[in-house]
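*Asks:* In the numbering used here, the protein residues as written are 475 to 654.
Cβ coordinates follow ideal geometry from the N, Cα and C atoms, glycine included.
Remember, it's a predicted structure, so these values are computed and weren't measured experimentally.
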Amino acid sequence: MTTVKIRPVRPTELDELWQIGFSHPDAEWLKWNGPYFHDTLPSQIVFNSLIGPHDWLTDQRNWVITVDEAIVGSVNYHFVDGDLERWLEVGILIFDNQRWGQHIGRQALSQWLDHLFNDVTALPHIGLTTWSGNQRMMHLATAIGLNLEGRIPQVRYWQGQYYDSVKYGILRSDWLNRRQ
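Right, here's the structure in full:
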């Protein structure tokens, strides 16, 4: 039986994290994590000198997911409304597609929402946005109790096809009631 946990990354793990998650420009997870944005992965130097220290160590907007103590992915949050900090959304990545389908994401994202609602924010709502091409993420959102709150048709363009932007979320009170 595996143990799934989330935690802040340790400073000594930045190299390992970059290697596992961000060193492969053809990684399968890139095809599902907003591929229509055409984001590029950071170099190891940029990750270790800028992104890692700021986004992972100082702000701790990103935590790692571990399975039996080994890093396998990450959870994150950001504020859609920037400095107003009234609209919080979450994300999740499982870097190795061989780990997909093992319910790691379900456990990790539930732990992340527990942490955010209990320790990080007093906001009444947390959301998650994906796209209709990512059926796994849509299933994960509903499996942990998030509600489908909106669907914006045909606004994500990928590989010659339009997809919907799909919004999920949950109120603090509903999440806490579900977890009791």
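Count the other CB atoms, across all protein chains shown, that sit within 10 Å of the CB of residue 592; report buried if there are 16 or more and exposed otherwise.
*Replies:* Position 118 of the sequence shown, counting from 1, holds the residue named residue 592. The residue in question, residue 592, is exposed, as its Cβ has fewer than 16 Cβ neighbours within 10 Å.
*Asks:* Name the two residues that bound the continuous alpha helix (DSSP H) containing residue 523.
*Replies:* The residue you call residue 523 lines up with position 49 of the sequence shown. Run containing residue 523: none; DSSP gives neither H nor E here.
*Asks:* So, residue 619 versus residue 641, is the Cβ gap smaller than 8 Å?
*Replies:* Counting from 1 along the sequence shown, the entry for residue 619 is found at position 145. Counting from 1 along the sequence shown, the entry for residue 641 is found at position 167. No, the pair does not count as a contact, with Cβ atoms beyond the cut-off.
*Asks:* I'd like the span of the beta strand (DSSP E) that includes residue 615, first residue to last.
*Replies:* In the sequence shown, counting from the first residue as 1, residue 615 sits at position 141. Where residue 615 is concerned, there is no enclosing beta strand (DSSP E), although the alpha helix (DSSP H) it sits in stretches over 609-617.
*Asks:* Count the other CB atoms within 10 Å of the CB of residue 536; is the residue buried (16 or more) or exposed (fewer)?
*Replies:* Stepping through the sequence shown from its first residue, residue 536 is reached at position 62. Label assigned to residue 536: buried.
*Asks:* If I measure Cβ to Cβ from residue 633 and keep anything under 6 Å in the same chain, skipping five residues before and after, which residues do I get?
*Replies:* On the sequence shown, residue 633 is found 159 positions in, with the first residue counted as 1. If we look at residue 633 and ignore the five residues flanking it on each side, it has no Cβ neighbours.
*Asks:* In the structure shown, what three-state DSSP assignment does residue 606 receive?
*Replies:* One-based indexing of the sequence shown puts residue 606 at position 132. If DSSP states are grouped into helix, strand and coil, residue 606 belongs with coil.
*Asks:* Measuring CB to CB, does residue 538 end up less than 8 Å from residue 568?
*Replies:* Locating residue 538 in the sequence shown gives position 64, where the first residue counts as 1. Locating residue 568 in the sequence shown gives position 94, where the first residue counts as 1. No; because the gap between Cβ atoms is not below 8 Å, this pair is not in contact.
*Asks:* If contact is defined by three or more beta carbon pairs under 8 Å, each pair taking one atom from either stretch, is the segment 513-522 in contact with the segment 575-593?
*Replies:* no
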